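Before any comments, here is the structure.
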Amino acid sequence: SKLTRREEEEAIRRSNALEQDGIGSLRKVSRQEYLKKREQKKLEELRDDIEDEQYLFDGVKLTEAEYRELRYKKEIYEIVKKRSEEDDDTNEYRMPEAYDEEGGVNQEKRFAVAMQRYRDQGAADKMNPFAEQEAWEEHQIGKATMKYGSKNKKQISDDYQFVFEDQIDFIKASVMGGENIDNEEATELLEKSMAKSALEKLQEDRKSLPIYPYRDQLLQAIEDHQILVIVGETGSGKTTQIPQYLHEAGYTKRGKIGCTQPRRVAAMSVAARVSQEMGVKLGHEVGYSIRFEDCTSEKTVLKYMTDGMLLREFLGEPDLESYSVVMVDEAHERTLSTDILFGLVKDIARFRPDLKLLISSATLDAEKFSDYFDSAPIFKFPGRRYPVETHYTKAPEADYLDAAIVTVLQIHVTQELGDILVFFTGQEEIETAEEIIKHRIRGLGTKIAELIICPIYANLPTELQAKIFEATPEGARKVVLATNIAETSLTIDGIKYVIDPGFCKMKSYNPRTGMESLLIAPVSKASANQRAGRAGRTGPGKCFRLYTAYNYYNDMEDNTIPEIQRTNLANVVLSLKSLGIHDLINFDFMDPPPSEALLKALELLFALSALNKLGELTKVGRRMAEFPLDPMLSKAIVASDNYKCSDEMISIAAMLSIGNSIFYRPKDKQVHADNARMNFHTGNVGDHIALLKVYNSWKETNYSTQWCYENYIQVRSMKRARDIRDQLEGLLERVEIELTSNESDLEPIKKAITSGFFPHSARLQKNGSYRTVKHPQTVHIHPSSGLAQILPRWVIYHELVLTTKEYMRQVTELKPEWLVEIAPHYYQLKD
Ligand code: ADP
Ligand code: MG
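Using this note's numbering, the first residue of the sequence shown is number 106, and each one after it goes up by one.
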């Protein structure tokens with residue numbers, strides 16, 4: 106029988122309400138369809154044997170999976186009902202080593218750390234080095250007790266907390282077995298989640314995302330406004346859903362939809378996910394574009410890309426004509442490229458009224474984006490977040506890598522199943538951690554549940570990246586070892602525990618000296634809170650911070666400083682200049698960089714002959730801008746034309762672009778690995794030439810994988826280097842530089858390198874350290890360098906890395922007269 110109009114309205118209303126509950130949605134089906142399905146289900150029931158009586162729901166028999174799903178939904182519902190507003194609990198958490206035999210705190214250790222801190226602070230007049238911290242800790246504990254009352258009461262509140270970032274009326278009438286829903290509807294609801302094709306399942310998943318109920322409102326807002334700021338909790342569906350909504354609404358008929366990501370891995374991974382959801386092949390309708398890798402085609406309408414790539418697209422298409430929508434995603438990350446994009450897209454929006462501009466962000470300081478974009482409206486939608494208990498260490502941890510590993514194992518052994526996410530600063534740490542964890546587990550044998558280790562970082566091969574999204578098998582636990590990428594860019598479902606050592610790798614730049622260095626720095630409070638939030642996406646979770654509550658409240662910055670204020674701007678200045686933007690001082694920056702840094706960038710570009718005295722782009726500069734590389738490296742390539750060694754130079758540039766993932770050193774074969782590696786350094790040719798030798802030797806073996814194994818070289822990195830090299834070769838042609846090779850003589854190659862890197866020269870000191878020439882600073886050769894034992898009098902380096910000392914990485918010997926020959930305007934001979 107047909108529904109009356111009122112009944113139908115009622116059904117739709119309920120269905121909407123249900124979706125808002127995140128509990129599921131009702132689909133309208135015809136009566137016939139419904140009866141057919143019910144018939145089918147009855148038949149299945151008959152066929153099944155009737156053992157699983159416990160999986161009954163209102164008289165309908167369920168499979169175990171369906172039962173679980175329902176149970177889960179029911180639990181959520183219970184939690185929703187009992188949600189409480191408390192979210193800020195500060196629990197003390199101690200590392201196992203800090204305990205003594207009786208279970209007390211190891212005061213000796215604590216004392217040592219505190220003393221160190223005390224000395225570092227030079228607070229010699231304080232009587233008790235613990236006093237300040239202790240008093241504070243007491244205070245916090247007092248506060249916590251006051252807030253929660255008795256221990257018992259706290260226990261209860263922990264069990265049922267459901268905290269929403271924003272308020273949404275999630276409370277909805279009963280769904281499971283309640284009065285408001287009859288059997289037929291319930292059956293329908295169940296049938297919906299019954300066996301479906303993978304694609305249908307994905308479509309269902311899409312509807313359960315927090316953004317889904319706001320789909321139409323959002324589309325309307327985009328229709329009504331040219332620029333819109335969108336704010337929603339991480340994992341709510343901004344990145345994967347909004348471009349699809351726009352596609353469904355017809356925006357792709359007028360042009361592409363571009364969505365920028367600050368990170369390569371995110372662009373790739375999200376594009377892969379969206380292509381799955383749309384049931385298309387990656388690279389067809391949905392594609393991605395990252396530096397040195399373009400996975401798009403004529404057909405592509407949804408294009409995910411790094412912010413840096415969109416920046417480069419301005420060079421070829423200054424008004425972004427082929428786009429109908431540009432979404433600057435993860436705007437809160439405030440990367441250098443994102444900040445520059447802000448200025449550029451704001452500008453083109455003025456003369457392209459048909460272009461829609463979306464600025465999306467995971468954090469709440471959207472006001473600032475809105476202000477910048479001429480008071481653009483803010484579209485905020487609520488996310489879901491379960492309570493996350495925060496635990497701090499009692500005393501600072503000296504070695505966070507080890508502390509993190511111990512914590513992983515401790516959780517694994519003592520806490521109920523649920524996946525773990527650990528934040529490290531980079532690939533090297535992640536690899537080390539992976540090795541150590543594997544090693545320690547081996548000792549435990551089958552006494553513990555299976556622990557699946559999934560690393561994720563930018564250089565990880567794509568096939569392995571997908572592994573972090575695979576569901577954890579029953580009875581096992583997954584531990585994801587991630588860089589900052591998992592902070593907001595990627596959402597991994599099922600994380601219950603987060604371990605936050607509190608550090609990340611950060612670029613820092615001294616505008617006075619023009620020196621840039623990578624260092625490991627404490628994260629900001631905002632980052633720490635994002636990290637903790639990852640534990641509460643699919644259920645209540647716990648976050649273990651490997652620092653003290655005192656550190657958190659007193660030592661950490663509120664927000665991360667935007668990259669534009671702590672980086673070398675030469676690259677950006679070169680790009681802007683080649684876009685015809687000359688007046689950089691008056692460029693519409695959201696947060697202007699220090700003028701000193703701008704000046705330094707201009708100076709460097711002038712020294713590299715990319716700009717003339719008037720600050721205009723020269724022919725060299727125009728050529729340099731074509732290469733998606735750091736200006737110094739671009740300059741080395743452009744200069745290699747003069748030294749007739751462009752063939753070698755692009756190989757070196759490609760190898761340098763790979764980073765530090767070329768050689769590997771298995772723990773049990775370090776000596777072999779080091780010997781193999783030193784082979785390429787025969788004659789103390791320096792690290793740049795050694796990289797060239799690696800590349801050429803591999804090429805001679807016809808790119809043999811076997812050869813890579815024998816030489817402890819990562820074959821994937823080499824393949825990537827080959828790809829990059831191919832592209833650089835294409836770019837050489839574009840800037841009309843002939844491919845020339847000079848096999849017999851290394852000096853021209855070193856001179857070409859010097860032409861780009863002369864500002865990075867250093868001179869040996871009596872004590873074996875080095876002093877940089879232009880702006881004197883003490884530095885050291887990185888132990889991984891082939892010249893670490895040789896210590897040439899003069900060297901040129903690729904980059905500085907600050908760990909325990911300021912290290913130069915990738916070093917080549919230099920003749921000082923080259924500096925005067927190549928950069929007379931920069932260096933003058935004194936004696
Ligand atoms: P946001 O951009 O708001 O942080 P996303 O659109 O990136 O959210 O993610 C929405 C949801 O899609 C995530 O919660 C996750 O469940 C799922 N998801 C995203 N990327 C992937 C992927 N590569 N594999 C599997 N699931 C994914
Ligand atoms: Mg996102």
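Note that beta-carbon positions come from the ideal geometry of N, C-alpha and C, so glycine has one too. Fair warning: this is a prediction, and the values are worked out from it, not measured in the lab.
Measuring C-alpha to C-alpha distances from residue 430 to each of 423, 361, 414 identifies 361 as the nearest. For residue 510, the CB contacts under 7 Å within the same chain, skipping 5 residues up- and downstream, are 538, 541, 542 in chain order. By the CB criterion at 9 Å, residue 605 and residue 651 fall inside the cutoff. Residue 622 sits in a strand when the DSSP states are folded into three classes. Within its own chain, the residues whose Cβ lies closer than 7 Å to the Cβ of residue 427, once the five positions on either side in sequence are excluded, are 360, 361, listed in chain order.
Cβ contact annotation for residue 712 (same chain, cutoff 6 Å, sequence separation greater than five): 931, in chain order. Rounded to whole angstroms, the separation of the alpha carbons of residue 613 and residue 905 is 10 Å. The closest CA to that of residue 405, considering only 412, 394, 414, is found on 394. C-alpha of residue 879 to C-alpha of residue 744: approximately 21 Å in a straight line.
Here residue 319 is buried: its Cβ has 16 or more other Cβ atoms, across all protein chains shown, within 10 Å. A residue is listed when its beta-carbon falls short of 5 Å from at least one non-hydrogen atom of the ligand ADP; in chain order these are 339, 340, 341, 342, 343, 344, 345, 374, 378, 574, 596, 598.
Going by C-alpha positions, residue 642 is about 23 Å away from residue 518. Here residue 348 has 362, 364, 407 as same chain residues with Cβ atoms under 6 Å from its own Cβ, once five neighbours each way along the sequence are excluded. A contact between stretches requires three or more CB pairs, one per stretch, nearer than 8 Å, and the segment 522 to 538 fails this requirement with the segment 662 to 671. Contact annotation, residue 580 with residue 554: C-beta distance approximately 6 Å; criterion of less than 8 Å satisfied.
In the three-state reduction of the DSSP assignment, residue 771 falls in the coil class, being assigned neither a helical nor a strand state.
In this structure, the straight-line span from the alpha carbon of residue 895 to that of residue 804 is close to 28 Å. For residue 365, there is no enclosing alpha helix (DSSP H); the enclosing beta strand (DSSP E) has its first and last residue at 361 to 366. The segment 829 to 841 makes contact with the segment 750 to 761, as at least three CB pairs between them are under 8 Å. For residue 750, the three-state secondary structure derived from DSSP is coil. Taking the C-beta atoms as reference points, residue 474 is found nearer than 9 Å to residue 466. If you check the CB distance, residue 688 and residue 845 do not come in under 9 Å. A direct Cα-Cα distance of roughly 13 Å separates residue 813 from residue 784. CA-to-CA, the gap between residue 500 and residue 677 works out to about 42 Å.
Cβ neighbours of residue 628 within its own chain (closer than 6 Å, five residues either side excluded): 607, 609. For residue 382, the distance from the CB to the nearest heavy atom of the ligand MG is not below 8 Å. A Cβ-Cβ contact shorter than 9 Å links residue 761 with residue 793. A heavy atom of the ligand MG is found nearer than 8 Å to the CB of residue 594.
Straight-line spacing of the CA atoms in residue 722 and residue 715 works out to 6 Å. The beta carbon of residue 750 sits closer than 8 Å to the beta carbons of 845, 846, 847, 853, 854, 857 from its chain, once the five residues preceding and following it are set aside; these are given in chain order.
Under the three-state reduction of DSSP output, residue 336 falls in the strand class. Take the alpha-carbon of residue 332 and the one of residue 490: they are about 28 Å apart.
By the 16-neighbour rule on beta-carbons within 10 angstroms, residue 698 is buried.
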